[in-house]
Structure formats: structure tokens, C-alpha cells
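> full-length UniProt numbering puts the first residue of the sequence shown at 1, with every later residue one more than the last. Note that the Cβ used here is the ideal one computed from N, Cα and C, for glycine as well. Here the structure is a predicted model, which means the values were calculated and not measured.
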Amino acid sequence: MKKWPIFIVLIMLVFSLAACGNDKKTGGSSDGKVELTFWTYGSTGYDVLVDEYMKENPDVKIKINEGEMEDVLNNLFTSISAGSGSPDIALIEISQIAKFLEAKDQFYNLNDYGAKDEADHFLDWKWAQAQSVDGSFQIGLPTDIGPTTMFYRTDVMEEAGLPTDPDELAAEISTWDDYYQAAKKIKEATGKPITDSPELMFNAIRDQKDQQYFNEDNELIIEETVKDAYDYTTKMIQEGLVGQNELWTPEWGNAMADGSYATLIGAPPWMIANVKGNAPDAGGKWSITTIPEGAGNWGGSFLTIPKESKHPEEAFDFIAWLTSEDSQLKSFSNNGLFPSTPGVYENEEFLATTDDYFSGASTAKIFAESAQSVKTVYMGVNYPIVNTELTTALTNVAAEGADPQKEWDQAVKRINAQLERQ
Numbered sequence: 001m002k003k004w005p006i007f008i009v010l011i012m013l014v015f016s017l018a019a020c021g022n023d024k025k026t027g028g029s030s031d032g033k034v035e036l037t038f039w040t041y042g043s044t045g046y047d048v049l050v051d052e053y054m055k056e057n058p059d060v061k062i063k064i065n066e067g068e069m070e071d072v073l074n075n076l077f078t079s080i081s082a083g084s085g086s087p088d089i090a091l092i093e094i095s096q097i098a099k100f101l102e103a104k105d106q107f108y109n110l111n112d113y114g115a116k117d118e119a120d121h122f123l124d125w126k127w128a129q130a131q132s133v134d135g136s137f138q139i140g141l142p143t144d145i146g147p148t149t150m151f152y153r154t155d156v157m158e159e160a161g162l163p164t165d166p167d168e169l170a171a172e173i174s175t176w177d178d179y180y181q182a183a184k185k186i187k188e189a190t191g192k193p194i195t196d197s198p199e200l201m202f203n204a205i206r207d208q209k210d211q212q213y214f215n216e217d218n219e220l221i222i223e224e225t226v227k228d229a230y231d232y233t234t235k236m237i238q239e240g241l242v243g244q245n246e247l248w249t250p251e252w253g254n255a256m257a258d259g260s261y262a263t264l265i266g267a268p269p270w271m272i273a274n275v276k277g278n279a280p281d282a283g284g285k286w287s288i289t290t291i292p293e294g295a296g297n298w299g300g301s302f303l304t305i306p307k308e309s310k311h312p313e314e315a316f317d318f319i320a321w322l323t324s325e326d327s328q329l330k331s332f333s334n335n336g337l338f339p340s341t342p343g344v345y346e347n348e349e350f351l352a353t354t355d356d357y358f359s360g361a362s363t364a365k366i367f368a369e370s371a372q373s374v375k376t377v378y379m380g381v382n383y384p385i386v387n388t389e390l391t392t393a394l395t396n397v398a399a400e401g402a403d404p405q406k407e408w409d410q411a412v413k414r415i416n417a418q419l420e421r422q
């Protein structure tokens, strides 16, 4: 009889361990709440919104794990490949979304949870970026975007006899030929180039196109689509109208402070923080206007639900809330994440946003106008290969005085060689 108490304790322990194992397997927490893990990166400020959501939904507990973008996305790809260790919700950047779409079997199709009902709330080009070619699979809901504009130095423009008011300058430089003519004026009057980065110059024109590196059959089409952007950029380089600074280098940052060029072309909303950080004492010498002939997009992310999640419905409810107009407006106000929901663009408080550093320009309004002119484009999983090689060609022309056509031909050879190995 003395053995019975020990036997009962052992049985209780077994049941307790089983309950804990089951709790972990199903994504529950010890207090009975549904527990969701959320992998993110960058300065999103989502922790504040997560707290708000949990207050409104007391049966849901969300744990944020934040890291560097490259690390987070590498870990995500490793975990979905292994079938173990994935979160319930993962933020994926636009440059990597095609790669993860190729592994869409490892994610929930958000159309099965009502994503199609949400589509009309978002910019159509942004929605398409996270969609399969046939439209049957939606891997993510859109978060922020990066519509491109033209940042410019008012002091350089004034010295060159060009307008400093955003609307007047946009009217003066409304085409790429106008931009070229302005570049010659600026060079003659100030000795400065109109812009300092060959890569940004090329990107600004490329990103306005509805076809860039690949078609939807993943065929390389750069000769027909972006060669003109390359030729325009290299012509400007050879005439001394574009500088030689590489992105993210100290020289690139110092040039923002020195006013050694006139325009930061193809700049998205998040670039505001870079300019202010590199040139803290240049407030009032910068302003913003629209880019010639339209706009492109640089940056932005999507919220996805890996197949390993045991609570896809709860996860979808949360990401639908986080990407709603109200939440995106809060993300913009709190952290500067530019909304992918055009309904926000009608908000009076949003439209009233100005920036004293950028000479009081109506920044939100300008970016919103640009966002609505962006075209839908298919990028493809091998986009980074092409982009790296074309950037190398442009750098060689700018820094070494290399022949533009020879550099293009060599870049095409390197691209084809790499694509054959894929």
C-alpha cells in the first residue's frame, strides 16, 4: 500500500509532461492563451502595436524576435527548408519575396484565410509583388513601401539659377531630357554633378518601367528594357554630370552634408533618416519633389505565415489588423513606415505632414503621389544576380573610365553564366 502514493505521483508527472509537450506543439502558453512568435527586423516599432493588439485580444500572446534583416531572412529560409524552427509570422523584404515564393509550399496561402477580401485596401502593384504569377497564391500581406522621389539641395539649385520650390522645380524638370539639360546648367554654374551615385541614377529610370530584368517566363530581357537606362547613365557619367560615390560609403554620406551635388535621385521615404543622419546640420538646405516621368519603388516588406504555425487563423487575424489603414497610419506616425494602403493618403492629418529639415516640403503628399504612379513589375528570383553585375559595370565606367559598351557586354556574359548554373 505504501507504493501507491509514489505510483500516483509518477502518473501525475507523466500527464504533466505530456500536457507541456502538447502545449509547445500547438503553440499554446501556460496561461491558456494562443501564443504566436513573430520574426521581424529594422526599426518597425511593431512592439507598440503588438501590445495594443494583445490588449484588444487578451486570448492571444505575441512574442517578437527582432534581428538584422539578413540574419532573420537567412534563418527563416533555413528553418522552412529543415521543416523545423519557423515562427508563426515572418516579415519578408521585397528583394527576397520571389525567393520565398519559390518555396510557397512551406507557407500558408493567405487567400484561404480571406486575403482576397483585403486586396482592394492595398496598392495593386504592391499586392502583386507577393502573389504567384497566376494569382492563385498570396504569400504575404503588404506592410510599408518605398516610392521614389527626388531629394535636392536648394542652395545648389539656386546657385545654378533653377527653381527651389518643389512644384516649380518639378515643372522645370519633368522629363529625363529636362534632367540632362538641368545637369549641364548645374555643372556650368557650380562645377558640381547633378547627382553623385551612378547606381541611383540607373535605378531611378529602371524602376519606372513595367518590365525590368525578367519577363514572367523568367527570360532575361535587359537588352529590350533597361539598356536605355544604362546608356543614359553612362552618357551622364562620361560628361561629368554624375559623380562616383558608391552607396553606403563614408564618401556618399559626407557628400550629403557637403552639398557637393544637386539631387539624390530615386530616394524613398526611409532615405530621409539617412540624409538627416549623415547631414545633421544641413536642415533647410534640402527639399523634396517628384521624380521626372513617374516613380519607382525601393523597399518595403510583407507579413507571411510559415506552414509550421499551428494557429494560422489567429496569425492571419493579427497580420490583417497590423496592415490595416489605421495600423499603417500609426506605423507612419510612429516610425515613418510609408503606408501601402492608399486610403491613408486621404487622411487630412497624413496629408498635412511636412518636414522642416526638408524646407517645409509636404513630404507625405509627395510620396503618396509617387506611390500611386508606380507600375506593377515582375522581378524574379534571379533579380539580384543581374542587379549586381549591372552595378559593377556602372561602377567600372564611373571609377575607372571603362568603355560603357564593353562593360555592358561583359556584364551580360557574367549574368548568363550565372543563370546557366541556377
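Suppose only complete runs of 4+ residues qualify. What are the alpha helix (DSSP H) ranges in the region 234-281, listed by chain order?
Counting whole runs of 4 or more residues, the region 234-281 contains the alpha helix (DSSP H) stretches 250-258, 271-278.
> To the nearest angstrom, how far is the alpha carbon of residue 435 from that of Ala-398?
In the structure as shown, the chain begins at 1 and stops at 422. Residue 435 is therefore absent and cannot be evaluated.
> Measure the alpha-carbon distance for Phe-122 versus Ile-319 and round it to whole angstroms.
One-based indexing of the sequence shown puts residue 122 at position 122. One-based indexing of the sequence shown puts residue 319 at position 319. Between Phe-122 and Ile-319, the C-alpha separation is close to 14 Å.
> Going by DSSP, what residue range makes up the alpha helix (DSSP H) through Asp-178?
By one-based count along the sequence shown, residue 178 stands at place 178. Taken as a continuous stretch (DSSP letters only), the alpha helix (DSSP H) holding Asp-178 covers 176-190.
> So, are the CB atoms of Leu-303 and Tyr-53 less than 9 Å apart?
The residue you call residue 303 lines up with position 303 of the sequence shown. The residue you call residue 53 lines up with position 53 of the sequence shown. No, Cβ-Cβ distance for Leu-303 and Tyr-53 is not below 9 Å.
> Out of Thr-376, Gly-380, Gly-32, which has the shortest C-alpha to C-alpha gap to Lys-209?
Stepping through the sequence shown from its first residue, residue 209 is reached at position 209. When each option's Cα is compared against that of Lys-209, the closest is Thr-376.
> Which of the three DSSP states, helix, strand or coil, is assigned to Gly-140?
Position 140 of the sequence shown, counting from 1, holds the residue named residue 140. The answer is strand: DSSP assigns Gly-140 an E or B state.
> Following the continuous alpha helix (DSSP H) through Lys-406, name the residue where it begins and the one where it ends.
On the sequence shown, position 406 is the one that residue 406 refers to. Taken as a continuous stretch (DSSP letters only), the alpha helix (DSSP H) holding Lys-406 covers 404-420.
> When we look at the beta-carbon of Lys-61 and count the other beta-carbons within 10 Å, is it buried (16 or more) or exposed?
Residue mapping note: residue 61 aligns to position 61 of the sequence shown, counting from 1. So Lys-61 counts as buried.
> I'd like the list of long-range same chain contacts for Gly-21, defined as Cβ closer than 6 Å, with 5 residues on each side in sequence excluded.
In the sequence shown, residue 21 corresponds to position 21, counting from 1. Reliability fails at Gly-21, whose pLDDT of 38 lies under 50, so the model's placement of it is uncertain and no value is given.
> Which term fits Asp-177, buried or exposed, when burial requires 16 or more other beta carbons within 10 angstroms of its beta carbon?
Position 177 of the sequence shown, counted from the start, is the residue given in the question as residue 177. The residue in question, Asp-177, is exposed, as its Cβ has fewer than 16 Cβ neighbours within 10 Å.
> Sort Lys-185, Glu-172, Phe-367, Glu-251 by Cα distance to Leu-241 and report the nearest one.
Locating residue 241 in the sequence shown gives position 241, where the first residue counts as 1. That would be Lys-185, whose Cα lies nearest to the Cα of Leu-241.
> Within 10 Å of its beta-carbon, does Ser-331 have 16 or more other beta-carbons around it, so buried, or fewer, so exposed?
Position 331 of the sequence shown, counted from the start, is the residue given in the question as residue 331. Result: buried.
> Going by DSSP in three states, Gln-150 sits in which element: helix, strand or coil?
As a first step, residue 150 must be located in the sequence shown, where it is residue number 150. One detail in the question is off: residue 150 reads as Met in this sequence, not Gln. Met-150: strand per DSSP, three-state reduction.
> Could you round the C-beta distance between Ile-89 and Ala-315 to whole angstroms and report it? I think they count as a contact, below 8 Å.
The residue you call residue 89 lines up with position 89 of the sequence shown. The residue you call residue 315 lines up with position 315 of the sequence shown. Right, the Cβ-Cβ distance comes to about 5 Å (below 8 Å), so this counts as a contact.
> Can the beta-carbon of Gly-146 be found closer than 9 Å to that of Asn-297?
As a first step, residue 146 is located in the sequence shown; it is residue number 146 there, counting from the start. As a first step, residue 297 is located in the sequence shown; it is residue number 297 there, counting from the start. Yes.
> Please report the straight-line C-alpha distance between Ala-402 and Ala-119, rounded to a whole angstrom.
Here residue 402 corresponds to residue number 402 of the sequence shown, with the count starting at 1. Here residue 119 corresponds to residue number 119 of the sequence shown, with the count starting at 1. About 47 Å.
> Mind reading off the beta-carbon distance from Ile-92 to Leu-73? Whole number of angstroms is fine, and I expect it under 8 Å.
For the purposes of this step, residue 92 is identified with residue 92 of the sequence shown, where counting begins at 1. For the purposes of this step, residue 73 is identified with residue 73 of the sequence shown, where counting begins at 1. Between Leu-73 and Ile-92 the Cβ distance is about 7 Å, and since that is below 8 Å, they are a contact.
> Short of 8 Å in beta carbon distance, which residues of its chain neighbour Thr-233, apart from the five on each side in sequence? Order them along the chain.
Translated into positions along the sequence shown, residue 233 becomes position 233. So the qualifying residues of the chain are Pro-198, Met-201, Phe-202, Ile-205, Val-242, Leu-394.
> Any idea which residues DSSP pairs Phe-107 with across the strands?
For the purposes of this step, residue 107 is taken as the residue at position 107 of the sequence shown. In DSSP, Phe-107 forms a bridge with Pro-306.
> So who's on the other strand from Gln-131, going by DSSP bridges?
Here the question's residue 131 lines up with position 131 in the sequence shown. Gln-131 pairs with Gln-138.
> What runs of the alpha helix (DSSP H), each 4 residues or longer, lie entirely inside the region 289-353?
Entirely contained in the region 289-353, the alpha helix (DSSP H) runs reaching 4 residues are, in chain order, 312-322, 325-335, 348-351.
> Taking the alpha carbon of residue 424 as the reference point, which residue from Asn-75, Phe-151, Leu-390 has its own alpha carbon closest?
Look at the range of the chain in this structure, 1 to 422, and you will see that residue 424 is not part of it.
> Less than 9 Å between the C-beta atoms of Glu-308 and Ser-81, yes or no?
Taking the sequence shown and counting its residues from 1, the one referred to as residue 308 is at position 308. Taking the sequence shown and counting its residues from 1, the one referred to as residue 81 is at position 81. Cβ atoms of Glu-308 and Ser-81: not closer than 9 Å.
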